[in-house]
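Participant: Numbering (my numbering), first residue to last: 188 to 464. Ideal placement from N, C-alpha and C gives every residue a C-beta, glycine not left out. Just dropping this structure here.
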Amino acid sequence: MAAPNLTSTPSRVSERFSSSSATTITFVSSDNMRFNIERARLDRAADFVPPQDLQSSPTELVPLTEDAGTLDLLFRFVYCERHVSLEGMSFERIAALAEAAEKYLVYSAMAICHIYMKAQYKAHPLEFMQYAIRHYPELVDTVAPYTVGNELVIMKDILPGGYVVPWVLFNTAYYEIAQHTTRWINKHLGHYGPIQCHNRPCALGEGEDEAWGWLERELAHALLTTGGRGLLDLDKVFTDEMMHSLERCEGCQQTLRLWKKELERVVGEVPKFTSFL
């Protein structure tokens with residue numbers, strides 16, 4: 188976000204940070220909210236300090252690119268306010284605070300935001316991927332699988348240039364497993380493949396073809412419509428409903444369980460994202 192235009196829009200003063208003194212630095216948010224912050228507080232709470240030749244007076248304005256809501260939270264950490272709660276805040280707000288904390292090295296905010304961001308990586312993988320690449324590269328491999336299945340145009344927008352081709356290769360590895368699995372299932376019906384039922388004929392009787400046809404469609408949908416991301420949670424792919432549909436044939440159920448186990452093994456062998464870099 189661009190820095191505020193200090194001349195075009197009337198500014199407001201934060202109620203929480205309105206007091207000023209000879210040692211006050213006045214920061215201005217991107218939406219023209221002023222924050223009067225004591226230099227000593229910045230020195231104690233963060234590595235970020237304004238230029239040494241800046242006149243520390245309320246008339247000197249320091250424009251920042253963050254909005255008022257983000258800076259209000261950030262400066263509460265700078266002032267070591269007790270019990271700054273992020274509960275109930277939107278992920279977007281916490282992500283903005285996390286970026287500001289890393290940018291200005293406000294350590295207390297960095298620590299709490301890191302905890303919150305890690306807890307949300309599955310729900311917000313794209314945003315967390317950016318955060319991890321910028322600040323915590325050791326977490327990139329944790330979140331990368333949850334970006335699988337996204338459109339390339341989206342990934343180009345969020346990834347640094349050197350990460351795009353590695354992501355394509357990583358994504359392809361998952362998608363090829365999904366494609367191969369659907370073909371493999373089509374060719375290996377429970378009673379006629381390498382895994383044989385103990386019951387012959389199948390205990391499903393005339394319902395065998397219908398049951399397995401439904402299973403094939405459900406598995407293909409779960410794996411392919413997600414671009415392979417369904418491989419990350421096979422309990423949601425191989426559902427209780429599927430097992431229930433085969434309950435009259437233990438051999439068919441065993442086949443389904445073995446497929447799931449084999450798929451878990453194959454997915455576990457996919458190289459880490461960073462190995463493609």
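Could you give the DSSP three-state label for residue 248: helix, strand or coil?
Facilitator: Strand.
Participant: Under the three-state reduction of DSSP, which class applies to residue 271: helix, strand or coil?
Facilitator: Coil, per DSSP.
Participant: Please state whether the Cβ-Cβ distance between residue 464 and residue 353 is less than 7 Å.
Facilitator: Yes; because the gap between Cβ atoms is below 7 Å, this pair is in contact.
Participant: Please go through the stretch 365-444 and give each complete alpha helix (DSSP H) segment of 4 or more residues, from N-terminal end onward.
Facilitator: Here the runs fully enclosed are 395-411 and 427-432.
Participant: Sort 420, 283 and 258 by Cα distance to residue 215 and report the nearest one.
Facilitator: Comparing Cα positions, the closest option is 258.
Participant: Taking DSSP's pairing of strands, which residues face residue 225 in a bridge?
Facilitator: Note: residue 225 sits in a beta bridge opposite 211.
Participant: For residue 316, which three-state DSSP category applies?
Facilitator: Helix at residue 316.
Participant: Comparing alpha-carbon positions, which option in 226, 221, 289 and 425 lies nearest residue 256?
Facilitator: For residue 256, the nearest C-alpha among the options comes from 221.
Participant: Below 8 Å CB to CB, which residues in the same chain sit around residue 232 once its five sequence neighbours on both sides are set aside?
Facilitator: The answer, listed in chain order, is 264, 265, 266, 267, 293, 294 and 295.
Participant: Taking only three categories from DSSP, how would you classify residue 452?
Facilitator: Three-state DSSP puts residue 452 in a helix.
Participant: Here's the rule I'm using: 16 or more other beta-carbon atoms within 10 Å means buried, otherwise exposed. How should residue 458 be labelled?
Facilitator: Classification for residue 458: exposed.
Participant: Where does residue 199 sit, in a helix, a strand or coil, going by DSSP?
Facilitator: Strand, per DSSP.
Participant: Figure out for me which residue from 219, 227 and 394 has the closest Cα to the Cα of residue 474.
Facilitator: The requested residue 474 is not part of the displayed model; the chain covers only 188 to 464.
Participant: Mind listing, in chain order, the continuous alpha helix (DSSP H) runs of no fewer than 4 residues lying wholly within the stretch 287-356?
Facilitator: Qualifying alpha helix (DSSP H) stretches, in chain order: 294-306, 312-322, 327-330 and 339-345.
Participant: If you follow the alpha helix (DSSP H) that residue 259 is in, where does it begin and where does it stop?
Facilitator: 255-265 is the span of the alpha helix (DSSP H), which, as asked, contains residue 259.
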